[in-house]
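The next block holds one structure in the form of structure tokens; read it before the comments.
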Amino acid sequence: MGHEIKKILITDSEESILMSLSHALQKNEVEVTSCSEFDQAVDALMATSYDLLIADVTMPGGRVFKSLELLGFIKRHYCPEVIVMSSYNWREGEAEMCRLHGLNYLNKPLNIKDVLAICERINRNDSIVQN
């Protein structure tokens, strides 16, 4: 079995995404913390250990989350798994950066089933998923 996901941090400025993701993940007996502001997310990452970070790279004020290299650093040092999401279509260079840093990525609008499938693959220790 892979890394079991028990605690998730979700960062997104869209309240509807925070609510729907939180609700779906909590149904799977996962503890979820959600942050709608960049500074809250950074504070949460520094204060608590999470198994998975789901981060919107285009979050207002999230100038640092826009750096895929920083998300790779977060994955290596603070949170073992990261799903990057964006409402902008991924260019091949951005997709390659995600692969290089071991980041999963999804395009918005999100399909909850895709997020749950990535969580299942992480739990089974399967390879990185891109959408």
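Using numbering that gives the first Met the number 0, the first residue of the sequence shown is number 0, and each one after it goes up by one. Each residue gets a CB set at the ideal place from its N, CA and C atoms; glycine is no exception.
Taking 7 angstroms as the limit between beta carbons, can you name the residues of its chain near residue i, skipping five residues before and five after?
i      : result
Lys112 : none
Ser19  : Ile111
Using the Cβ count rule (16 or more neighbours within 10 Å means buried), how would you classify residue i?
i     : result
Asp11 : buried
Leu99 : exposed
Tyr49 : buried
Phe37 : buried
Val63 : Note that Val63 scores a pLDDT of 47, beneath 50, so its modelled location is shaky; the value from the coordinates is reported in the next line. Its Cβ having fewer than 16 others within 10 Å, Val63 is exposed.
Quick one: measure Cβ to Cβ for residue i and residue j, integer angstroms, because I've assumed they're closer than 8 angstroms.
i      : j      : result
Thr57  : Ser85  : 5 angstroms
Ile7   : Leu51  : 5 angstroms
Val29  : Ile4   : 6 angstroms
Asn103 : Ile117 : 5 angstroms
Leu70  : Val81  : 5 angstroms
Leu109 : Ile16  : 7 angstroms
What does a CB cutoff of less than 6 angstroms around residue i pick up in its chain, not counting 5 residues either side in sequence?
i     : result
Ala40 : Thr10 and Cys34
Tyr77 : Leu44
Would you list the one or two residues that DSSP bridges to residue i?
i      : result
Asp55  : Met84
Ile9   : Ser33 and Ile53
Asn103 : Ile82
Can you list, in chain order, the residues of its chain whose CB lies under 8 angstroms from that of residue i, leaving out five sequence neighbours each side?
i     : result
Gln25 : Val31
Ser21 : Ile9, Val31 and Ser33
Leu67 : Val56, Val83, Glu93, Met96, Cys97, His100 and Leu102
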